[in-house]
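Chemist: Top line first, the protein sequences correspond to chains X and H. Residue numbers for the first sequence follow the working numbering, beginning at 1278 and rising by one. Residue numbers for the second sequence follow the working numbering, beginning at 108 and rising by one. Note that the Cβ used here is the ideal one computed from N, Cα and C, for glycine as well.
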Amino acid sequence: MSTPPTDPETVLLFLEEARGCLRLLEDRALPRHERLEVARKLWGGAALLGIASIQQIAEQIEQLLNRGQLPALPAALDRLAVLLADLADSVAPPYGPRESRKAATSRKLEASGAARVAPPPTSDQLSSGSADAEAIPSPAPEGEDTEPSVSARLGSAAPGPHQPACPSHRTRPTPQPDSAECWANAASAVSVDLGALGPGSGFDAEEARLLRQFFLDEAYDHLDKITSELSECERRKGRPLPVTEILRTTHSLKGSAATVGLAAVSKAAHCLEGLFTQVRAGRLQPEKLPIDLLIGAVDTLREIVQTSENPAAVEPFAVRLGQELVAIEHIAKHSDGLASLSVPSVMAGKTAPAPASTPPSTPTPVSASAPAPASAASTASLPGESSRRIPAPVAVASDHPRPSQHEACKQDRTSMERSVGYEASDRLPAAQSTTNSSGSSAVPGVWQGNPSSSPVIIINEDLGGVDERRRRLDRRQEDTNTLRVDAIRLDELNDHIAQLVVDRTRIERRVQELKSVVRGLSQARASLKSLIPSLRARDAAPTELATLAASFEEIEAQLAGGLSNLLHGGADLLGDTDALRRTTSTLQHGFTQIRMLPMRHLFRRRAGPVREAARMLKKRVELVTSGEEIQIDKAVVDKVTDPLIQILRNAVAHGIESSEVRAARGKPPAGRVSISARHQGDSVFLEVADDGAGIDSEALRRALVANSQMTLVEARAASEEQVMARIFEAGVSSRIADDEVAGRGVGLDAVRETITRLGGDITVASSLGAGTRFAIRLPLTTAIAQALLFKVGANVYAIPSIHVTATLSVATGVTTGVAGVPASLCLADEIVPLVCLQQLLGSTVPADSAELPVAVLEYTGQRFGCTCDKMIGVREIVVKNLGPLLAPLGLYAGATISGAGKVQLILDPAALARTAWPGGQTTDDPSERPTATSSTPTAGPQSTSNAGGLVGNEDAGPVETDRSAGGAGGAGGVERTGGTEQRQAPANVTPATTMTTMTTATSVEPDEPRLLLVDDSPTIRKAVTSMLASNGYAVDSAADGAEAWKKLHEKQYRLLVTDLEMPHLDGYQLMRLVRRSPLLRSLPIVVISSRSSLSERKRAEEFGAQAFLAKPMTDKALGDCVGRLLTTP
Amino acid sequence: MKNIVLVVLRDRRYAIELRWVQEIFSLVHLTPVPTAPRSIAGAVNFRGAIVPVVLAPPLLTGIGEAPQPPLRIPVPGDTIVLLDAAGIKAGLAVDRIDEVSTLDVSSRDPGFLVDKQGMEVRLLDPPALLETARIQVGEAAASGSSTPSKVES
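1) Do Ala2172/X and Leu2162/X have their beta-carbon atoms positioned less than 8 Å apart in this structure?
2) How about Thr2089/X and Ser2126/X: do their beta carbons lie closer than 8 Å?
3) Quick check on Gly184/H - is its C-beta less than 8 Å from some C-beta in chain X?
4) Can you grab the Cα-Cα spacing for the pair Pro2099/X / Glu2320/X, in whole Å?
5) Is it the case that the CB of Leu210/H approaches a heavy atom of the ligand FMN more closely than 7 Å?
6) Under a Cβ-count criterion, where at least 16 other Cβ atoms within 10 Å of its own Cβ denotes burial, should Tyr1497/X be classed as buried or exposed?
7) Can the beta-carbon of Phe1492/X be found less than 8 Å from the beta-carbon of Val1537/X?
8) Once the 5 residues before and after His1499/X are set aside, which same chain residues still bring their CB inside 7 Å of it?
9) At a CB distance below 8 Å, what residues from the stretch 2324 to 2345 of chain X approach chain H? Give them in sequence order.
10) By the 10 Å Cβ neighbour count, where 16 or more other Cβ atoms means buried, how is Ser2280/X classified, buried or exposed?
11) Less than 8 Å between the beta carbons of Leu1900/X and Val1913/X, yes or no?
12) Looking at Val140/H and Gly149/H, is the spacing between their C-beta atoms short of 8 Å?
13) Does Gly1327/X get closer than 8 Å to chain H when you measure Cβ to Cβ?
14) Is the distance from the Cβ of Arg203/H to the Cβ of Val115/H below 8 Å?
15) Could you list the residues in the stretch 2127 to 2141 of chain X with a C-beta less than 9 Å from some C-beta on chain H, going in chain order?
16) By Cβ distance, which residues of its chain are closer than 7 Å to Gln2168/X, with the 5 residues on each side in sequence left out?
17) Tell me, please, whether the CB atom of Leu1777/X is closer than 8 Å to any CB atom in chain H?
18) Could you give the C-beta distance for Gly1839/X and Val1794/X, rounded to a whole number, given that I count them as a contact under 8 Å?
19) What residue range is occupied by the uninterrupted alpha helix (DSSP H) comprising Glu2128/X?
20) Can you list, in chain order, the residues of its chain whose CB lies under 6 Å from that of Leu2333/X, leaving out five sequence neighbours each side?
21) For Leu1307/X, would you say it is in contact with chain H, using Cβ-to-Cβ distances shorter than 8 Å as the test?
22) So is Arg145/H in contact with chain X if we call contact Cβ pairs under 8 Å?
23) Give me the subset of the stretch 108 to 123 of chain H whose CB atoms are less than 7 Å from a CB atom of chain X, sorted by chain position.
24) Alpha carbon to alpha carbon, what distance is there between Leu1822/X and Arg1802/X?
25) Taking 8 Å as the CB-CB cut-off, is Thr239/H touching chain X?
26) How many angstroms separate the CA atom of Pro2110/X from the CA atom of Lys2388/X?
27) For Gln1340/X, count the other beta carbons within 10 Å of its own beta carbon; 16 or more makes it buried, fewer makes it exposed. Which is it?
28) Terminal residues of the continuous beta strand (DSSP E) containing Lys2068/X?
29) Return the CA-CA distance between Ser2367/X and Thr2302/X, expressed in angstroms with no decimal places.
30) To the nearest angstrom, how far is it from the Cα of Ala1335/X to the Cα of Ala1535/X?
31) Going along the chain, which residues of its own chain have a beta-carbon closer than 7 Å to the beta-carbon of Glu1506/X, five neighbours each way excluded?
32) With C-beta atoms as the reference, is Thr2335/X less than 8 Å away from Leu2347/X?
33) Determine, using beta carbons only, whether Pro159/H comes closer than 8 Å to chain X.
34) Which residues of chain H have a Cβ atom closer than 8 Å to the Cβ of Lys2179/X, listed in chain order?
35) Using 8 Å as the threshold, is the C-beta distance between Ala276/H and Pro2195/X below it?
36) Looking at the C-beta of Leu2065/X, does it have a partner C-beta in chain H at a distance below 8 Å?
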């Protein structure tokens, strides 16, 4: 038996989780590997709590799953169920009795399918004719021992005489107290439990309040999820109900509600779960469930969540939920015509609160005004409406005097709904009208075919009607793709739109004015024209000339006036369009604002995982947030949620020490994790900090070296920040997790990827023993971005300018690279690949240009250049998505629309980075490190032989072997191979890009390893070349680092000999580039320098040199050194 | 009986059921989308939304078929039928619209309708058409990431 664990709260938590595990394990639809994971999780939980028995069984289950011994699984699961029930019994109610051992056993039998015995039809079933829907699993006494039906569950919440009120007790001649009452009792029982989070629960008041707040968010998420699943089923007929998902969701809701002490919610969720458990167990047929009502029940549950703080307010909703669930269960069981015949006798007594003595089989149509007294306010418009619409049976039941409790309940509900914002006055009539208008679609058998099934309709009416459900549903469906918007913001937008109309009117008026100016001017022109004949008459008398002059003056004045009007009109128009521009941009801003959410939403969602992790690991963690009011785009919030969870989990799991360790280190026992947000410019800065153990940078260095992601020398040389930055690289994580760095790297590469993709960045700082601090910068919105616009071919493209670090130009016409565009770009401190966008975008490099503009981009630490035809500049753009057809192309992050209405594509910096660095940072496969030699003498012939080389590459069979061998050996100890060897780009290297290499078609001395010598002195180059040649090596030389870097990418070298001081790019920089390059990082390097002080040697070593020779060196010393490096790994 | 719009594509008439047609508009500016398959002529701004324009011939002839005649890229003024099917909104470039009509399904082949002159008109299937376009885009994206550049060829 289980060791009684000390902390009952933890046990309860575990119990919830374990039950969830059990359900998942039972789920035969779940893939085996997922079930395995569940078993392991269960094992872990049991181990943590020291519950050996469950630990054992979990292990056994895992083994069974592993070995594929599925037939033995049900027995093991049974055993698990029994153990869980035992465990439940060992802890205090109300949790304990929820599932007794016996119940668990029978449920297990049934779930495993072993004991699914079709029971002999009872008279009741015969009469109902729904034996198929009623498959009661075993002939055991109903109610207590089988999985409790909904009403039984409700009853169990209120122990006592109400228990028998479940529908399965239909055979009782006189139904006992109805479910509504039963639920009322349940509710009051529930309300007693509401204090569970009080003193003694381990939370102080503030903590409890916070917890509940967090819970509310989570609960709404859960409920929305269920609702959307259901709505989807309703919308698309025939879609199977995702029972397992819904079960999982209700189950977690139940668990978390219990955790925060909201027993009412927990129980309500439990009841809903119970319903779906029945569905899964096959006792209810999913296709017979009235989805309308289900959604309604979920809504009621939502109300319960909403009012959960106030026991009195919860009660009516609890009652309603009970009724709804009973109704659902009933409909599901009796949705065929025959079943409905027996309905009245059952339902009238059970759910309609009419006294048992009421003869339900004698419906007497009466005026529908009967329900009016129940709630005068709500029925003002009722009589006329309802007498027309309500089917007689509804009225029948309404005719019966309603028990006061029910009335009270109904009134309660009405007032409640008013308080939560429902319009009671429009609710009721609508509700009535639905009973025959839309109910039919949901439950054909009952609603349409058989009026005698009236009690069901009564229930429905009592519950507010299908139409209300439908309206709520509609509202919700609208919600799924919309945002909740503050009414004030909408008002503001409305104001802006009004202003827009004003602006437009003013411009229209201005245009009218200009038109009249034009009219005046044309009149003047006409007058002028009319004078022309008089001017032509040469014999004009002086008096006539004077008249003419006067006319001219007049016309001139007219023209001048017109001109001035035109000028003013133009200026005014300009002013008006300015105003228009302001209004439109305010409007645009307003719309952006609508998408904004306060950070609070993000923070709250974070709290759950932190507490969960803390609980799991038995750590005390205090979560502090600040900057909750900072606003940020919902799209950003949505995307950044998972990365943030990851970081927070890491902080709790690996950052915060256990209380004992903290005590030993003199820290307060509770660890502290803080999230803060602040707003600056176009960004929001998030900071996640903990006061835990910090990241051990030494361990990280060791791990990086062990992982071949850094050389020892590099690791020693790297600064603290440089080392920390490596934590975001793929592949660092897992191996470091094995190390003592506390697994900080887990998934951080994905975290950085997500954040970078959003247009933000992330950095980390840590001090050992004092804590870790992640700083995340996020854009305020993804809807509007600053982008660099440029032209390639005839089209304009955009790149988010956040990733653009510089713009410059590059000379074209080189003989290497693509279409005259060089393959790489020499920046101040490094050489980076250059992506020819003309090529990538199917355009051509303009033939007449000697230079091309280049944008330098940086994406997750990788820098590269992109050529274009013409830079346009940085603009603010509205980012639009490409839609389902174009988005998968991957090259584009979206599109924007120019002022002229043209579509402009936004290039995805991530895709460009992949093109630029095909190996990426993830390339650390040593086999991709080429080691074979090649020997094309110069760049010129190479480029001409390029095409042939590519072809020749195809059958360069032996090269592969050599490459991998050499790579694995760290470029040393490669056997010299015969035949032509070529450097071959790794499979995923795109020749389109810069990192590709030339291949050779010319003959080579078969077995000479080729070395690259870099020295700015021609004499030394010559001397050293001949020294090396005499030792049997083929040598290429370069005059400086930049040339060498280029050559290293053109050909394959086995070793690099370099001077330190050189123009353009010196030896140190060259070494740094080589060590950083995924392709070259393990190339052996020999430094030759006339500066041979110890510090110089040390520095060279730090930069990655394996050997250091002081100039002048002897032929032999050089030969030995090179030989040693080429033969020893 | 089907309510259809009769369009002309490369001198052939096709019928498109009206239920798939959201709007018919005149092309203003088409932005080409490099790396997209032949069937995607480009993208247009349709009332602020980005809508791809597809060309029917590469979608009708099937995938991977040998040389196809050069496609006519739509120019401003061309007629675009905005389809909404298979979860995709896309414009279909057509040479012209003949008429909007109600025609009977051919008794010979339900894939055809019979016009008033008794001639058979092929009925286009927009969901299948757009689904094919989606597949072709997927293929283009996959080959773009694994094969070397296009310019090399």
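Modeler: So, from the data block:
1) Sequence index remark: in the first sequence, residue 2162/X carries index 885 (1-based). Sequence index remark: in the first sequence, residue 2172/X carries index 895 (1-based). Contact flag unset, no.
2) For the purposes of this step, residue 2089/X is taken as residue 812 along the first sequence, with counting starting at 1. For the purposes of this step, residue 2126/X is taken as residue 849 along the first sequence, with counting starting at 1. Cβ distance < 8 Å, so Thr2089/X and Ser2126/X count as in contact.
3) Sequence index remark: in the second sequence, residue 184/H carries index 77 (1-based). By this cut-off, Gly184/H is not an interface position.
4) To locate residue 2099/X, count along the first sequence from 1; it is residue 822. To locate residue 2320/X, count along the first sequence from 1; it is residue 1043. Straight-line Cα distance between these residues: approximately 13 Å.
5) The model on display carries no ligand, and the ligand FMN is accordingly not part of it.
6) On the first sequence, position 220 is the one that residue 1497/X refers to. By the 10 Å Cβ count, Tyr1497/X comes out exposed.
7) Start at 1 with the first residue of the first sequence, and residue 1492/X comes out as number 215. Start at 1 with the first residue of the first sequence, and residue 1537/X comes out as number 260. Yes.
8) As a first step, residue 1499/X is located in the first sequence; it is residue number 222 there, counting from the start. If we look at His1499/X and ignore the five residues flanking it on each side, its Cβ neighbours are Thr1526, Ser1529, Leu1530.
9) none
10) For the purposes of this step, residue 2280/X is taken as the residue at position 1003 of the first sequence. Per-residue confidence for Ser2280/X stands at a pLDDT of 32, beneath the threshold of 50, marking its modelled position as unreliable; no derived number is given.
11) As a working note, residue 1900/X is residue 623 in the first sequence. As a working note, residue 1913/X is residue 636 in the first sequence. Taking 8 Å as the Cβ cut-off, Leu1900/X and Val1913/X do not qualify as a contacting pair.
12) Counted from its first residue, the second sequence places residue 149/H at position 42. Counted from its first residue, the second sequence places residue 140/H at position 33. Yes, they are a contact pair.
13) Residue mapping note: residue 1327/X aligns to position 50 of the first sequence, counting from 1. Not one chain H Cβ lies under 8 Å of Gly1327/X.
14) As a first step, residue 203/H must be located in the second sequence, where it is residue number 96. As a first step, residue 115/H must be located in the second sequence, where it is residue number 8. Closer than 8 Å, so yes.
15) none
16) Here residue 2168/X refers to the residue found at position 891 when the first sequence is read from its first residue. The sequence given here has Leu at residue 2168/X, not Gln. Only Leu2184, Asp2185, Ala2188 meet the Cβ criterion.
17) Position 500 of the first sequence, counted from the first residue, corresponds to residue 1777/X. Chain H contact via Cβ: absent.
18) Within the first sequence, residue 1839/X is the residue found at index 562, counting from 1. Within the first sequence, residue 1794/X is the residue found at index 517, counting from 1. Yes, Gly1839/X and Val1794/X are in contact; Cβ-Cβ is about 6 Å, under 8 Å.
19) Taking the first residue of the first sequence as position 1, residue 2128/X is located at position 851. No alpha helix (DSSP H) contains Glu2128/X, which is instead part of the beta strand (DSSP E) from 2128 to 2136.
20) In the first sequence, counting from the first residue as 1, residue 2333/X sits at position 1056. Counting only Cβ-Cβ distances below 6 Å, and skipping sequence neighbours, we find Leu2289, Leu2360, Ile2362.
21) Start at 1 with the first residue of the first sequence, and residue 1307/X comes out as number 30. No, because no Cβ of chain H sits closer than 8 Å to the Cβ of Leu1307/X.
22) For this step, residue 145/H is matched to residue 38 along the second sequence. So, not an interface residue.
23) none
24) Stepping through the first sequence from its first residue, residue 1802/X is reached at position 525. Stepping through the first sequence from its first residue, residue 1822/X is reached at position 545. Their backbone Cα atoms lie some 19 Å apart in a straight line.
25) In the second sequence, counting from the first residue as 1, residue 239/H sits at position 132. By this cut-off, Thr239/H is not an interface position.
26) In the first sequence, counting from the first residue as 1, residue 2110/X sits at position 833. In the first sequence, counting from the first residue as 1, residue 2388/X sits at position 1111. If you take the alpha carbons of Pro2110/X and Lys2388/X, they lie about 33 Å apart.
27) Your numbering for residue 1340/X matches position 63 in the first sequence. Per the 10 Å Cβ criterion, exposed.
28) Position 791 of the first sequence, counted from the start, is the residue given in the question as residue 2068/X. Its beta strand (DSSP E) spans residues 2061 to 2069.
29) As a first step, residue 2367/X must be located in the first sequence, where it is residue number 1090. As a first step, residue 2302/X must be located in the first sequence, where it is residue number 1025. If you take the alpha carbons of Ser2367/X and Thr2302/X, they lie about 17 Å apart.
30) Position 58 of the first sequence, counted from the start, is the residue given in the question as residue 1335/X. Position 258 of the first sequence, counted from the start, is the residue given in the question as residue 1535/X. Going from the Cα of Ala1335/X to the Cα of Ala1535/X covers about 24 Å.
31) Within the first sequence, numbered from 1, the residue matching residue 1506/X stands at position 229. These residues qualify, in order along the chain: Pro1519, Glu1522, Ile1523.
32) Translated into positions along the first sequence, residue 2335/X becomes position 1058. Translated into positions along the first sequence, residue 2347/X becomes position 1070. Yes. Within cutoff.
33) For this step, residue 159/H is matched to residue 52 along the second sequence. Yes, Pro159/H lies at the interface with chain X (some Cβ there is under 8 Å from its Cβ).
34) Position 902 of the first sequence holds residue 2179/X. Under the 8 Å cutoff, chain H gives His136, Thr138, Asn152.
35) This structure does not reach residue 276/H, given that chain H is present from 108 up to 260, and the question cannot be answered.
36) Working through the first sequence from its first residue, we reach residue 2065/X at position 788. It does not; no Cβ of chain H falls within 8 Å.
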